[in-house]
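Notes follow once the structure below has been shown.
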Amino acid sequence: MVSYTYRCSVCGEFDRRAPMGGGGANAPCPTCDTKAKRVYRPPRIGRSPSDPRMRLIEDTKRSACEPQVVDSLPAAGRRSRGASARDPRLAALPRP
Numbered sequence: 001m002v003s004y005t006y007r008c009s010v011c012g013e014f015d016r017r018a019p020m021g022g023g024g025a026n027a028p029c030p031t032c033d034t035k036a037k038r039v040y041r042p043p044r045i046g047r048s049p050s051d052p053r054m055r056l057i058e059d060t061k062r063s064a065c066e067p068q069v070v071d072s073l074p075a076a077g078r079r080s081r082g083a084s085a086r087d088p089r090l091a092a093l094p095r096p
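Below is the structure:
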């Protein structure tokens, strides 16, 4: 079910739920039974704050004015040799 918005000339806006594609250009107002016209707006698409895309957008915006500051160097350890160490076929390719 989709929520369609209509505007009554007497009562104002109201929402009506109908199957997708079932919202006509006109609908009767639920309070005064006047013919109301449908209001066309961009879709209301919401994302939850736990959505990874939303977190990425928020982190990107935050880093513009609040960059993360590093207090120390990363721990020295064994560095990964990349894909060539795992796949012997890639070891023969020229390196940049």
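Each residue of the sequence shown is one higher than the last, beginning at 1 in this note's numbering.
Cβ atoms here follow ideal geometry from the backbone N, Cα and C, with glycine treated the same way.
Please read all numbers here as calculations on a predicted model, not as lab measurements.
C-alpha gap between residue i and residue j, whole angstroms
| i | j | result |
| --- | --- | --- |
| Gly28 | Pro42 | Note that residue 28 is Pro in the sequence shown here, rather than Gly. Approximately 23 angstroms between the Cα atoms of the pair. |
| Thr5 | Cys32 | 16 angstroms |
| Leu90 | Pro74 | 28 angstroms |
| Asn26 | Met1 | 18 angstroms |
| Asp15 | Lys61 | 34 angstroms |
| Met54 | Ser63 | 14 angstroms |
| Gly23 | Arg17 | 8 angstroms |
| Ser3 | Met20 | 9 angstroms |
| Asp71 | Tyr40 | 53 angstroms |
Top-ranked residue by Cα proximity to residue i, from the options
| i | options | result |
| --- | --- | --- |
| Arg7 | Pro94, Met1, Arg38 and Pro96 | Arg38 |
| Gly12 | Arg95, Pro30 and Arg86 | Pro30 |
Beta-carbon spacing of residue i, residue j below 8 angstroms
| i | j | result |
| --- | --- | --- |
| Ser9 | Thr34 | yes |
Cutoff 8 angstroms: residue i Cβ touching any chain B Cβ
| i | result |
| --- | --- |
| Thr60 | In the structure shown, chain B cannot be found, because there is only a single protein chain. |
Legend entry - Ordered list of alpha helix (DSSP H) runs contained in the segment 25 to 79, each at least 4 residues: 52 to 65, all fully within the segment 25 to 79.
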